[in-house]
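J.: Chains as they are written, first to last, in the working numbering: chain A, 1 to 154; chain B, 1001 to 1396.
Beta carbons: idealized from backbone N, C-alpha and C, even for Gly.
Take this structure first; my questions come after.
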């Protein structure tokens, strides 16, 4: 049911681990739902120079974490914020429909880590306080197959 | 991956034994007659079905006329529960069951709740057991059916069926048991255990898929489920799947013939697995009762990791197993059975079920015990939940 690319990223995940003194750390999901992603970013001159992750979750959760660390490195903060769950899934040659929520988590982990970076550096606009942390399973696992839009992420 | 394939998921299904296949084969080709036909090959089919019925009856201490073949264990559960419910509506509308039944029972009960029936779902204890006392206390004047599984498909816990049967018989309430996981694996006598209806399925003990059976004690009142021809004495219409029924008969004959020896063998594999895993892997819990469990069932929860990942990694090592995690249950929640025994969600997500069978060897268990700790550690290293533990903040 998983593509070869998903299996590759699951069996040989890229960038597993932690970054000491990371500039941004984002943790989304919760243990109750069965998946947690924690993403660490190293950001220099507004460019993401390193990314690492730790994930508790299924094969798709590990693979999307791995892929999203690959996708963000080398991008500016703003470019990284444009990465959608769809882009993560497509980079993995697709995910089974029941696993699309894992790519939502990946997208949210990136956003949460960047938000943490912005907060630490006083770069936050008014209230960008929407992350998946602490939300209920249903909220995280809804399909949001659309482009991310700050306004409808309540 | 060049590894020997090791199958440790016999509770999901089993391979079909060669002797069973051999017994079935003629009924696809030269002996293809419809059992309702009057000519020779029709009569041969009819005879083959009746011989299979005798074998099934003999294996569970029933009379042949009390065995009805169905298309599956699920069908048998549906028929027993809806059949008794609708057939005894005038006497009452209350059903007693447990909260760890197979979905074939649970969803049937929920269906009936939407149709005016009342269902009591008895909660199990931390080992997955209910007590006869709980059943006794749940009985009402309008109780028409008690349906409690013989042994659980996930955690392997075996219920006190004989005691519940005795109680039900004394109270004059029909007692159905879903014995799909038990039959062919442990000794069952429907008369001694006062069972009124019992669901069976052939593919859990080296028979073919697509055939099951319902034991209906003579005198039990239930409505038919399939309407049509006069097959199965008019109670379960449709042309018989003769090859599958013959396979069912052969498989149960083989299973009961060497049950003790088979149990001894798989119990040894199970016990070694349980003992070694509990000893060698930290933060692990055995799910289900340690003694009152199916001889081939081991079920663990490994903290801080998720079951599907575990299964995928075991598969890469050639080992087939199953889990009760959300990702494998097809919903957002982990298995209802694991939640019912009181596991928190995050621990239920990390469950692993290993079910042994006659193709398993000591070497298979060696291999499992070699790779499992490595896989668990690898996934834990990847898990953010494990960080605190490694930092010494063991608060689990």
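Within 10 angstroms of its Cβ, does residue 92 (chain A) collect 16 or more other Cβ (buried), or is it exposed?
T.: Here residue 92 (chain A) corresponds to residue number 92 of the first chain, with the count starting at 1. Classification for residue 92 (chain A): buried.
J.: Just list the residues that DSSP pairs residue 1011 (chain B) with in beta bridges.
T.: Along the second chain, one-based indexing puts residue 1011 (chain B) at 11. Partner(s): none; residue 1011 (chain B) has no beta bridge.
J.: I need the DSSP call for residue 1217 (chain B), collapsed to helix, strand or coil.
T.: By 1-based counting over the second chain, the position of residue 1217 (chain B) is 217. Residue state, collapsed to three classes: coil.
J.: For residue 1353 (chain B), write down the residues that DSSP places opposite it in a beta bridge.
T.: Counting from one through the second chain, the residue named residue 1353 (chain B) turns up at place 353. The partner list for residue 1353 (chain B) (beta bridge, DSSP) reads B:1299 and B:1322.
J.: Count the other CB atoms, across all protein chains shown, that sit within 10 Å of the CB of residue 1039 (chain B); report buried if there are 16 or more and exposed otherwise.
T.: The residue labelled residue 1039 (chain B) in the question sits at position 39 within the second chain. Exposed is the call here.
J.: Does any residue of chain A have a CB that is nearer than 9 Å to the CB of residue 1326 (chain B)?
T.: By 1-based counting over the second chain, the position of residue 1326 (chain B) is 326. Interface residue, yes.
J.: Excluding sequence positions up to five away, which residues of its chain have a Cβ less than 7 Å from the Cβ of residue 1049 (chain B)?
T.: In the second chain, counting from the first residue as 1, residue 1049 (chain B) sits at position 49. Closer than 7 Å at the Cβ level, and outside the excluded window around residue 1049 (chain B), lie 1035, 1240, 1242 and 1245.
J.: Let me know if residue 1358 (chain B) comes out buried or exposed under the rule of 16 or more other beta-carbons within 10 Å of its beta-carbon.
T.: Looking up residue 1358 (chain B) in the second chain gives position 358. Looking at its Cβ environment, which holds 16 or more other Cβ atoms inside 10 Å, residue 1358 (chain B) is buried.
J.: Which stretch, first to last residue, makes up the alpha helix (DSSP H) that contains residue 1223 (chain B)?
T.: The residue labelled residue 1223 (chain B) in the question sits at position 223 within the second chain. Residue 1223 (chain B) -> no alpha helix (DSSP H), and no H or E assigned at all.
J.: When you compare only the Cα positions, how much space is there between residue 101 (chain A) and residue 1082 (chain B)?
T.: The residue given as residue 101 (chain A) occupies position 101 in the first chain. The residue given as residue 1082 (chain B) occupies position 82 in the second chain. Cα-Cα distance, rounded: 37 Å.
J.: Using a C-beta cutoff of 9 Å, does residue 13 (chain A) count as contacting chain B?
T.: Counting from 1 along the first chain, the entry for residue 13 (chain A) is found at position 13. Output row for residue 13 (chain A): interface = yes.
J.: At a cut of 8 Å, does the region 1261-1279 of chain B reach the region 1334-1351 of chain B through at least three beta carbon pairs?
T.: The region 1261-1279 of chain B, when compared against the region 1334-1351 of chain B, does not touch it at the 8 Å Cβ threshold.
J.: Alpha carbon to alpha carbon, what distance is there between residue 104 (chain A) and residue 148 (chain A)?
T.: Stepping through the first chain from its first residue, residue 148 (chain A) is reached at position 148. Stepping through the first chain from its first residue, residue 104 (chain A) is reached at position 104. Bear in mind that the predicted position of residue 148 (chain A) carries a pLDDT of just 35, short of 50, making it unreliable; the figure below should be weighed with that in mind. Taking the straight line from one Cα to the other gives about 10 Å.
J.: So, does the CB of residue 1282 (chain B) fall closer than 9 Å to a CB anywhere in chain A?
T.: What you label residue 1282 (chain B) is simply residue 282 of the second chain in a count that begins at 1. For residue 1282 (chain B), the answer is no, since every Cβ of chain A falls outside 9 Å of its Cβ.
J.: Is DSSP giving residue 1033 (chain B) helix, strand or coil here?
T.: Counted from its first residue, the second chain places residue 1033 (chain B) at position 33. Three-state DSSP puts residue 1033 (chain B) in coil, outside helix and strand.
J.: Would you call residue 1018 (chain B) buried or exposed, if buried means 16 or more other Cβ atoms sit within 10 Å of its Cβ?
T.: Taking the second chain and counting its residues from 1, one reaches residue 1018 (chain B) at position 18. That one is exposed.
J.: Using 8 Å as the threshold, is the region 1215-1226 of chain B in touch with the region 1313-1328 of chain B, meaning 3 or more CB pairs across them?
T.: Touching, no.
J.: Would you call the region 1137-1157 of chain B and the region 1286-1306 of chain B touching, i.e. three or more CB-CB distances under 8 Å?
T.: The region 1137-1157 of chain B is in contact with the region 1286-1306 of chain B.
J.: What does residue 1090 (chain B) pair with, by DSSP beta-bridge criteria?
T.: In the second chain, the residue the question calls residue 1090 (chain B) occupies position 90. Answer is none; residue 1090 (chain B) lacks a bridge partner.
J.: Should the region 1110-1118 of chain B be called in touch with the region 1246-1263 of chain B, which here means at least 3 C-beta pairs below 8 Å?
T.: No, the region 1110-1118 of chain B does not touch the region 1246-1263 of chain B.
J.: Which term fits residue 1 (chain A), buried or exposed, when burial requires 16 or more other beta carbons within 10 angstroms of its beta carbon?
T.: In the first chain, counting from the first residue as 1, residue 1 (chain A) sits at position 1. Exposed, by the Cβ-count rule.
J.: Considering residue 1182 (chain B), what are the terminal residues of the alpha helix (DSSP H) in which it resides?
T.: On the second chain, residue 1182 (chain B) is found 182 positions in, with the first residue counted as 1. Note, residue 1182 (chain B): premise wrong, no alpha helix (DSSP H); not H, not E.
J.: With a threshold of 9 Å between beta carbons, is residue 35 (chain A) in contact with chain B?
T.: Here residue 35 (chain A) corresponds to residue number 35 of the first chain, with the count starting at 1. Chain B contact via Cβ: present.
J.: Is the region 1348-1365 of chain B touching the region 64-76 of chain A in the sense that three or more CB pairs, one from each, lie closer than 8 Å?
T.: Counting Cβ pairs under 8 Å, fewer than three are found: no touch.
J.: As a quick exercise: from A:99, A:98, A:79 and A:123, pick the residue whose alpha carbon is nearest that of residue 110 (chain A).
T.: Indexing the first chain from 1 puts residue 110 (chain A) at position 110. For residue 110 (chain A), the nearest C-alpha among the options comes from A:79.
J.: Report the neighbours of residue 1278 (chain B) on chain D: residues whose CB is nearer than 7 Å to its CB, in chain order.
T.: Note that chain D does not occur in the displayed structure, where the protein chains are A and B.
J.: Please state the DSSP three-state secondary structure of residue 1068 (chain B).
T.: Mapped onto the second chain, residue 1068 (chain B) falls at position 68. Residue state, collapsed to three classes: strand.
J.: Does the distance from the C-beta atom of residue 1080 (chain B) to that of residue 1214 (chain B) stay below 9 Å?
T.: Position 80 of the second chain holds residue 1080 (chain B). Position 214 of the second chain holds residue 1214 (chain B). Yes; because the gap between Cβ atoms is below 9 Å, this pair is in contact.
J.: Note down, in chain order, every chain B residue with its Cβ under 7 Å from the Cβ of residue 38 (chain A).
T.: Within the first chain, numbered from 1, the residue matching residue 38 (chain A) stands at position 38. Per Cβ cutoff of 7 Å: 1384.
J.: What did DSSP end up calling residue 1051 (chain B) once you bin it into helix, strand or coil?
T.: Taking the second chain and counting its residues from 1, the one referred to as residue 1051 (chain B) is at position 51. Here residue 1051 (chain B) sits in helix by DSSP.
J.: Determine the chain B residues that contact residue 64 (chain A) at a beta-carbon separation under 8 Å, and present them in chain order.
T.: Along the first chain, read from residue 1 onward, the residue named residue 64 (chain A) stands at position 64. The premise fails here: residue 64 (chain A) is roughly 13 Å from chain B at the closest Cβ pair, so nothing lies under 8 Å.
J.: So for residue 1152 (chain B), helix, strand or coil by DSSP?
T.: Taking the first residue of the second chain as 1, we reach residue 1152 (chain B) at position 152. Correct three-state label for residue 1152 (chain B): coil.
J.: Flag this pair as touching only if the region 1096-1111 of chain B and the region 1166-1179 of chain B have three or more C-beta atom pairs under 8 Å; answer yes or no.
T.: Yes, the region 1096-1111 of chain B is in contact with the region 1166-1179 of chain B.
J.: Three-state secondary structure (DSSP) at residue 1119 (chain B)?
T.: Stepping through the second chain from its first residue, residue 1119 (chain B) is reached at position 119. Here residue 1119 (chain B) sits in strand by DSSP.
J.: Out of B:1221, B:1217 and B:1199, point me to the one whose CA is closest to residue 1211 (chain B)'s CA.
T.: If you number the second chain from 1, residue 1211 (chain B) lands on position 211. Among B:1221, B:1217 and B:1199, the Cα nearest to that of residue 1211 (chain B) is on B:1199.
J.: Quick check on the burial criterion: 16 or more other C-beta atoms within 10 angstroms. Buried or exposed for residue 21 (chain A)?
T.: Position 21 of the first chain, counting from 1, holds the residue named residue 21 (chain A). Its Cβ having fewer than 16 others within 10 Å, residue 21 (chain A) is exposed.
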